[in-house]
Amino acid sequence: IESLISMRRAGALVLLGHGGRADSLLYTGKIYEYLSSGRPVLAIAGEGPAADLIRATGAGIVVRPGDAEGASKAILGWLRDFRAGRHDYLPPSPQRLSAWERRNLAAQAARILSGIASDNPR
115 IESLISMRRA GALVLLGHGG RADSLLYTGK IYEYLSSGRP VLAIAGEGPA
165 ADLIRATGAG IVVRPGDAEG ASKAILGWLR DFRAGRHDYL PPSPQRLSAW
215 ERRNLAAQAA RILSGIASDN PR
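Just so you know, we're using this note's numbering here: the sequence shown kicks off at 115 and counts up by one.
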């Protein structure tokens with residue numbers, strides 16, 4: 115609980131991907147805690163589900179691992195906005211996040227599997 119409180123107090127959060135090919139296959143469960151924090155997320159990750167989720171929900175900025183310039187620009191931009199009194203980051207709405215909820219993802223997977231099964235008669 116204390117970690118969630120700390121996340122909500124932070125100016126921004128950094129999400130590190132798994133690295134390499136793993137980023138194209140999966141994402142950490144920590145991403146949901148970050149999304150629920152209402153804070154902007156700097157995701158340092160390769161292309162894959164985590165990057166897609168951050169972009170689709172508008173939860174923050176994605177930079178590829180090793181892109182120090184991209185990460186620096188993101189952080190400096192947020193710092194400039196903070197110092198100028200601009201706190202206009204809007205966390206993703208529940209509607210934007212709903213497509214990524216477990217029950218909706220499971221329903222989508224079930225539809226795909228059902229479609230595959232019906233295309234392959236026994």
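Don't be surprised by glycine CBs; every beta carbon is placed ideally from N, CA and C.
Anticipated Cβ contact below 8 Å, Y146 with L129, distance rounded:
Mapped onto the sequence shown, residue 146 falls at position 32. Mapped onto the sequence shown, residue 129 falls at position 15. Wrong, their Cβ atoms sit about 11 Å apart, outside the cutoff.
Mapping DSSP to helix, strand and coil, what is A213?
Residue numbering aside, residue 213 sits at position 99 when the sequence shown is read from its first letter. In the structure shown, A213 sits in coil (DSSP, three-state: anything other than H, G, I, E or B).
Work out the CA separation of A198 and P163 for me, nearest whole Å.
Reading the sequence shown from its first residue, position 49 is the one you call residue 163. Reading the sequence shown from its first residue, position 84 is the one you call residue 198. Rounded to whole angstroms, P163 to A198 spans 33 Å at the Cα level.
Range of the contiguous alpha helix (DSSP H) that encloses L167:
Position 53 of the sequence shown, counting from 1, holds the residue named residue 167. Run containing L167: 163-171, per the alpha helix (DSSP H) assignment.
Compute the distance between the beta-carbons of A124 and S151, then report whether it is under 9 Å.
The sequence position of residue 124 within the sequence shown is 10, counting from 1. The sequence position of residue 151 within the sequence shown is 37, counting from 1. Result yes, Cβ atoms of A124 and S151 sit closer than 9 Å.
Return the CA-CA distance between G191 and R217, expressed in angstroms with no decimal places.
Counted from its first residue, the sequence shown places residue 191 at position 77. Counted from its first residue, the sequence shown places residue 217 at position 103. For G191 and R217, the distance between alpha carbons rounds to 36 Å.
Using only CA atoms, which one of L118, A185, T171 lies nearest to L238?
It is not possible to answer for residue 238, since the shown part of the chain is limited to 115 through 236.
State buried or exposed for G131, treating a residue as buried only when at least 16 other CB atoms are found within 10 Å of its CB.
Position 17 of the sequence shown holds residue 131. G131 comes out buried.
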